[in-house]
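Protein chains: 2
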Amino acid sequence: MEQIDKKAAILIEAEKLFAEMDFDAVSVRDLAKAANVNIAMISYYFGSKEKLFEELIISRMANSQTTIQSIATDPALSSIDKLMAVVDFYTDRLMNNPNVHRMINRELSSSNRPELRELLISKIETNKTYIGKMLEEGKANGTFREDADMGLVMINLFACIQYIVGSPYYSCKMLDVPTEAQLFDPEFRKRIKTYFKELFSHYLLKNQ
Amino acid sequence: MEQIDKKAAILIEAEKLFAEMDFDAVSVRDLAKAANVNIAMISYYFGSKEKLFEELIISRMANSQTTIQSIATDPALSSIDKLMAVVDFYTDRLMNNPNVHRMINRELSSSNRPELRELLISKIETNKTYIGKMLEEGKANGTFREDADMGLVMINLFACIQYIVGSPYYSCKMLDVPTEAQLFDPEFRKRIKTYFKELFSHYLLKNQ
DNA sequence: TACCACTAATTAAACGTTTGTTTTAATCAA
DNA sequence: TTGATTAAAACAAACGTTTAATTAGTGGTA
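Top to bottom, those sequences are chains P and W. Take any residue in the first sequence, count from 1 to its spot, add 1087: that is its number in our numbering. Take any residue in the second sequence, count from 1 to its spot, add 1087: that is its number in our numbering.
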């Protein structure tokens, strides 16, 4: 009985295929072939193709809430330190798991599975709340400009990195990065982190 | 002979459906029903579902090259003026045509139709070249900081607005905008424009 | 150890739908 | 009459899922 191996194999191959193509563009036969299992195994282990898809996203969507929370509530960090830590964290988190974030990306932009979309948003929203409070705190303690648009700062950070990760082929061409692999290299990560840190510092800090 | 009317009706309904759902999630029967035409009409007028999809995107993707070019090469505008004009132009362009940009968005993030993706990128790339030169010119004439990351500035602007337009349901929740309609209101557009103008001014200008 | 019963895992084949597309025939305008 | 337009029906192919049969593994009993 090799349940675990085969189930894991299906998830691994499904992640690759669903990252590259739409839900409906990937057939259960494609999945079974890629994972080297019988077609019936997908229904057997997951119930249906859709449940496999949901289980895949949910299982791969690592829990980032505790990290964000600990950054946001760390008394040893200044407001600007916290912001820098969030930039670092999100850049690495998204770049380390490009496949699942491509899937999430596409899921958020369609109405194909509204319940799943709602679930994803609710998970993301928790972090948004922490970071939102963190930025407002920076305003309150005099670190950040009063008239800064914190809502757009947040979505700017998420959107931009998610966009690069979600459309790597396009992003390479736009950023003159030769290969998709280089997009996920430490070197390019450093470039993104530096960009956002400087960008937000200039925009948010009073003495700039 | 009502060719034009029926063909136009198909395109109008297809735009709505393809904006909301994936290519494969929309069937030709859905399209025919929405447009109140016979199923055979799609093949008759467009050749195939895929050609309809391509024709739709290409026809709706208004030509923005001439506008960007005229901004970038206008001798009456300073470097910072040009940047502000580009922010205004892109915000309005994307907000005025959310449906097609949702489709483009999804198309750029998948490998379902590589030739179409390549075509879209080539069209977008022209603008990128103009804006890239414009920003480098700002460095050369001493307006912008030498060490600013112009590649990321460009993709940041495109990505963020495209992301908001492409995932309006999600963006509303993140930005505390009550309804999707309000996302495309003049008021919110103004907010986006102001944000990016201030953001890039602080980041790019030397005296900041 | 050997045998049995039982459960879980795996397969190939078939299921009924739905898919995009085409055919055929009828209808319409010029 | 000619050629474009419409409609209904039919097409084969692909879809996700299920069935039925077989194999593999487990635990208990003698």
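Ideal placement from N, C-alpha and C gives every residue a C-beta, glycine not left out.
Legend entry - W/Leu1164 (DSSP reduced to helix, strand or coil): Residue state, collapsed to three classes: coil.
Legend entry - Simplified DSSP assignment, three categories, for W/Phe1231: Strand, per DSSP.
Inset, instruction - Could you list the residues in the stretch 1133 to 1149 of chain P with a C-beta less than 7 angstroms from some C-beta on chain W, going in chain order? - result: Taken residue by residue, none of the stretch 1133 to 1149 of chain P has a beta-carbon sitting less than 7 angstroms from a beta-carbon on chain W.
Inset, instruction - Using a Cβ-Cβ cut-off of less than 9 angstroms, list which residues of the stretch 1152 to 1180 of chain W approach chain P; keep chain order. - result: Cβ contacts with chain P: none found.
Legend entry - Selected residue, minimal CA-CA separation from P/Tyr1256, among W/Val1187, W/Ala1159, W/Ile1167, W/Ser1197: Nearest of W/Val1187, W/Ala1159, W/Ile1167, W/Ser1197 to P/Tyr1256, Cα basis: W/Ser1197.
Inset, instruction - Could you tell me which of P/Ile1099, P/Glu1233, P/Cys1259 sits nearest to P/Arg1147, measuring between CA atoms? - result: Scanning P/Ile1099, P/Glu1233, P/Cys1259 for the CA closest to the CA of P/Arg1147 turns up P/Ile1099.
Legend entry - Close-in-space but distant-in-sequence residues of the same chain around W/Leu1164 (CB under 8 angstroms, 5 per side omitted): Leaving aside the five residues that flank W/Leu1164 on each side, the residues in its chain whose CB is nearer than 8 angstroms to its CB run, in chain order, Ile1158, Ala1172.
Inset, instruction - Might you give, ordered along the chain, the residues of its own chain that have their beta carbon closer than 8 angstroms to the beta carbon of W/Gln1156, omitting 5 neighbours on each side? - result: Tyr1217, listed in sequence order.
Legend entry - Residue nearest to W/Asn1228 in terms of C-alpha spacing, selected from W/Lys1277, W/Gly1134, W/Asp1272, W/Lys1293: Ranking W/Lys1277, W/Gly1134, W/Asp1272, W/Lys1293 by Cα distance to W/Asn1228 puts W/Lys1293 first.
Legend entry - Start-to-end residues for the alpha helix (DSSP H) that takes in W/Ile1126: Counting along the chain, W/Ile1126 falls outside any alpha helix (DSSP H), and DSSP gives it neither H nor E.
Legend entry - Spatial neighbours of P/Leu1104 in its chain, beta-carbon cut-off 8 angstroms, leaving aside the 5 residues before and after: Cβ neighbours of P/Leu1104 beyond the five flanking positions: Val1113, Asp1117, Leu1118, Ala1121.
Inset, instruction - At 9 angstroms on the CB atoms, spell out the chain W contacts of P/Ile1208, in chain order. - result: The answer, in chain order, is Tyr1256, Tyr1257, Lys1260, Met1261.
Legend entry - Cut-off 6 angstroms between Cβ atoms - residues of its own chain near W/Asn1186, not counting five sequence neighbours on either side: If the five residues before and after W/Asn1186 are omitted, its C-beta is found closer than 6 angstroms to the C-beta atoms of Glu1102, Ala1106, all from its own chain and listed in chain order.
Legend entry - Candidates P/Leu1207, P/Glu1142, P/Glu1202, P/Phe1110, of which the one nearest P/Ala1095 by Cα: Closest in alpha carbon position to P/Ala1095, among P/Leu1207, P/Glu1142, P/Glu1202, P/Phe1110, is P/Glu1142.
Inset, instruction - Please report the Cβ distance between P/Leu1286 and W/Tyr1131, rounded to the nearest whole angstrom; I am assuming they are in contact, meaning their Cβ atoms lie under 8 angstroms. - result: Contact between P/Leu1286 and W/Tyr1131 does not hold, since the beta-carbon distance rounds to 52 angstroms and is not under 8 angstroms.
Inset, instruction - Pick out whichever of W/Thr1154, W/Asp1161, W/Arg1193 has its Cα sitting closest to the Cα of P/Tyr1250. - result: The residue with the shortest Cα to Cα distance from P/Tyr1250 is W/Arg1193.
Legend entry - W/Val1115: first and last residue of the uninterrupted alpha helix (DSSP H) it sits in: Run containing W/Val1115: 1115 to 1122, per the alpha helix (DSSP H) assignment.
Legend entry - Residue range of the unbroken alpha helix (DSSP H) whose run includes W/Lys1293: W/Lys1293 -> no alpha helix (DSSP H), and no H or E assigned at all.
Inset, instruction - Could you tell me the distance, in whole angstroms, from the CA atom of W/Asn1183 to the CA atom of W/Thr1281? - result: Their Cα atoms are separated by approximately 18 angstroms.
Inset, instruction - Please decide whether P/His1188 counts as near chain W, where near means a Cβ-Cβ distance under 8 angstroms. - result: No, its Cβ sits nowhere closer than 8 angstroms to a Cβ of chain W.
Inset, instruction - Report yes or no: is there a C-beta of chain W within less than 8 angstroms of the C-beta of P/Ala1112? - result: Yes, P/Ala1112 counts as interfacial toward chain W.
Inset, instruction - Pull up the distance between the alpha-carbon of P/Asp1161 and that of W/Lys1136, whole angstroms please. - result: Roughly 55 angstroms between the two C-alpha positions.
Legend entry - W/Val1264 (DSSP reduced to helix, strand or coil): Coil, per DSSP.
Legend entry - Closest by C-alpha distance to W/Ile1145, when choosing among W/Arg1232, W/Leu1203, W/Glu1267, W/Val1240: By alpha-carbon distance to W/Ile1145, the top candidate from W/Arg1232, W/Leu1203, W/Glu1267, W/Val1240 is W/Leu1203.
Inset, instruction - Compile a chain-ordered list of the residues in the stretch 1273 to 1294 of chain P whose CB is closer than 8 angstroms to at least one CB of chain W. - result: Those would be Arg1278, Ile1279, Thr1281, Tyr1282, Glu1285, Leu1286, His1289, Tyr1290, in chain order.
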